[in-house]
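Working notes for the structure below.
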Amino acid sequence: MNAPIRYIILVLGFIISLHSILTLTHAEYNRVTSFSNLTSKFRGVADASNSHPLPPPSVPDTATSTADSPKDEFLYDHTYRANATLLILARNSDLEGTIRSMREIEDRFNRKYNYPWVLLNEVPFTSEFIKRVSVLTASHIEFGIIPHDHWYQPAWIDEEKAKASRGKMMADNVIYGGSVSYRNMCRFNSGFFYKQELLQKYRYYWRVEPNVHFHCEIDFDPFLFMEREKKVYGFTITLYEFEATIKTLWKAVKDFIAEHPQYVAPENALGFLTEDGGNSYNLCHFWSNFEIADMDFWRGEAYTAFFNYLDSLGGFYYERWGDAPVHSIAAALFAPKDKLHFFNEIGYEHAPYTHCPRGEDTWTKGRCGCDPKQSFDYDGYSCMKKWDRLAKSY
Ligand SMILES: Nc1nc2c(ncn2[C@@H]2O[C@H](COP(=O)(O)OP(=O)(O)OP(=O)(O)O)[C@@H](O)[C@H]2O)c(=O)[nH]1
Ligand SMILES: [Mg+2]
1 MNAPIRYIIL VLGFIISLHS ILTLTHAEYN RVTSFSNLTS KFRGVADASN SHPLPPPSVP
61 DTATSTADSP KDEFLYDHTY RANATLLILA RNSDLEGTIR SMREIEDRFN RKYNYPWVLL
121 NEVPFTSEFI KRVSVLTASH IEFGIIPHDH WYQPAWIDEE KAKASRGKMM ADNVIYGGSV
181 SYRNMCRFNS GFFYKQELLQ KYRYYWRVEP NVHFHCEIDF DPFLFMEREK KVYGFTITLY
241 EFEATIKTLW KAVKDFIAEH PQYVAPENAL GFLTEDGGNS YNLCHFWSNF EIADMDFWRG
301 EAYTAFFNYL DSLGGFYYER WGDAPVHSIA AALFAPKDKL HFFNEIGYEH APYTHCPRGE
361 DTWTKGRCGC DPKQSFDYDG YSCMKKWDRL AKSY
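The following block contains the structure:
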């Protein structure tokens, strides 16, 4: 072999060895130089991590309930973030479900927007939990322990009375009727989550539960939408509450309002809650396992007084008041109705119900994995018709 050929073989050998070493040691180098990635350029397939895989974002359609949907191009700006966080309350035993929910919302939304995460628990998260969950996001993530007084049944609750009520609810087959921990959770979500130290720096939150699904690409920033439109509360599913869990809640609401009429907002959403001008509650509420909302509203004077009043009655333990009706009633009464928002574009599932976006265009642009025919929106148990009735009166 003559000298130039030997030299070329030597250089080629060096390049191939270097390529092999870099492929093995650098995942990003491996990805960029992979055969499928290189050929995708010729097939005209965009590299999802380098350029946006979707058509340019456009304004979501305007179905009845979305007349005030995101419409400002600024909402699609990935460089400006609202003061907001994604929030999960979970037990260590919820690890797999937490991973599933985080994975989906990261894939559909947060890998593009990078909002921080806060995870809360009344006991310390295990190192296994923290490790497995932390790898799911490139965003800042924090784990907090809920103070004892924010979680457990207060000493002033008459445990004999509470126990009797739990026994009766169990006998009546009321879901979670016998559970104290479920009641702790409902009370915490009603009046304490926004008081957590880790949440003090944030204004908006998106509540995420273990084992929920996000069915569509979320190609706008719901937090920025809330901020720009000064919205207070955003939801995707609305339905009727089990009456047995809130027997005296509406009476408590009426008593509170009689004492504090100044907190009731003009142009409120009372019409969503009642069929008889406020005399009785129609049991409609926003399903709070999904919430995008403004914590300043919960931290404000009206809600603080409202929650303290409800809490003082003990109904979280003597009955089984849920955070969903408590939040919904407050948002509907103490905020003007145009500050509440239905996020049609966000395909969302918490078993057994799914909201699948309405409007062919929204569904297509969202590359939704849900079946619009299965959407809960106009199921008989949904309150969406009541919402539409209210939204039309804007
Ligand atoms: N740390 C902690 N989190 C809880 C506890 N109970 C419930 N949670 C969380 O509180 C949220 C609501 O609880 P769920 O059990 O999902 O209640 P639900 O949505 O009414 O009922 P499901 O139909 O069972 O989902 C979830 O994020 C749970 O992970 C608890 O005892 N400790
Ligand atoms: Mg749940």
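Numbering (my numbering), first residue to last: 1 to 394.
Cβ atoms here follow ideal geometry from the backbone N, Cα and C, with glycine treated the same way.
Remember, predicted model here, so these are calculated numbers, not experimental data.
Residue span of the beta strand (DSSP E) that contains residue i, given as start and end
i, result
"D294", "E291 to D294"
"F143", "I141 to I145"
"E349", "Y348 to H350"
"A90", "Element bounds for A90: n/a, residue is neither H nor E."
"F286", "C284 to F286"
"G234", "Y233 to F235"
"T238", "T238 to Y240"
"F256", "First-last for F256: L249 to E259, but that is the alpha helix (DSSP H), not the beta strand (DSSP E)."
"F342", "L340 to F342"
"Y353", "Y353 to H355"
Where residue i falls, given that 16 or more other Cβ within 10 Å makes a residue buried
i, result
"K131", "exposed"
"E319", "buried"
"P222", "buried"
"E259", "exposed"
"N268", "buried"
"A302", "buried"
"S127", "exposed"
"L10", "exposed"
"V135", "exposed"
"N344", "buried"
"P325", "buried"
"Y348", "buried"
"S393", "exposed"
"R6", "exposed"
"D172", "exposed"
"E28", "Any reading at E28 must be qualified, since the residue scores a pLDDT of 40, below 50, and its modelled position is unreliable; no value is offered."
"N289", "buried"
"A164", "exposed"
"H78", "exposed"
"R166", "buried"
"A391", "buried"
"G380", "exposed"
"T66", "Interpretation of T66 is limited by its pLDDT of 44, a score under 50 that renders its predicted location unreliable; no figure is taken from the coordinates."
Cα-Cα separation between residue i and residue j, rounded to whole angstroms
i, j, result
"N184", "D255", "24 Å"
"S40", "I141", "Here S40 scores only 32 on pLDDT, less than 50, and its place in the model should not be relied on; the value that follows carries that caveat. For S40 and I141, the distance between alpha carbons rounds to 34 Å."
"K230", "L310", "27 Å"
"G97", "V212", "8 Å"
"E209", "L87", "8 Å"
"Y281", "L273", "6 Å"
"T137", "V118", "12 Å"
"C216", "K112", "14 Å"
"Q153", "E159", "9 Å"
"T364", "A162", "50 Å"
"L333", "W206", "21 Å"
"N110", "I175", "33 Å"
"L283", "A331", "14 Å"
"I195", "R299", "The amino acid at residue 195 is misidentified as Ile; the sequence shows Lys. Going from the Cα of K195 to the Cα of R299 covers about 8 Å."
"R108", "Q262", "42 Å"
"C368", "I346", "9 Å"
"E291", "P147", "23 Å"
"N83", "M384", "29 Å"
"R91", "S382", "29 Å"
"E243", "Y80", "43 Å"
"A305", "L313", "13 Å"
"P116", "W387", "31 Å"
"S139", "E106", "10 Å"
"Q374", "A155", "45 Å"
"Y353", "F220", "24 Å"
"G366", "G177", "38 Å"
Test item: CB-CB of residue i and residue j under 8 Å
i, j, result
"R389", "G278", "no"
"W151", "E122", "yes"
"G322", "T245", "yes"
"H355", "I237", "yes"
"A252", "F297", "no"
"Y204", "D294", "yes"
"N189", "L89", "yes"
"Y202", "T85", "yes"
"F327", "W287", "First, the amino acid is wrong: residue 327 is His here, not Phe. No; because the gap between Cβ atoms is not below 8 Å, this pair is not in contact."
"G315", "T248", "yes"
"K337", "V232", "no"
Terminal residues of the alpha helix (DSSP H) in which residue i lies
i, result
"L313", "E301 to L313"
"H327", "D323 to F334"
"G271", "L270 to L273"
"T362", "E360 to K365"
"T98", "L95 to I105"
"K395", "This structure gives no information on residue 395, because the portion of the chain shown stretches from 1 to 394."
Closer than 8 Å to chain D by CB, residue i
i, result
"F223", "The structure shown contains no chain D; it is built from a single protein chain."
Any beta strand (DSSP E) of 3 or more consecutive residues that is wholly inside the segment 165 to 221: 204 to 208
Whole runs of the alpha helix (DSSP H) within the segment 112 to 162, excluding any shorter than 4 residues: 127 to 134 and 148 to 151
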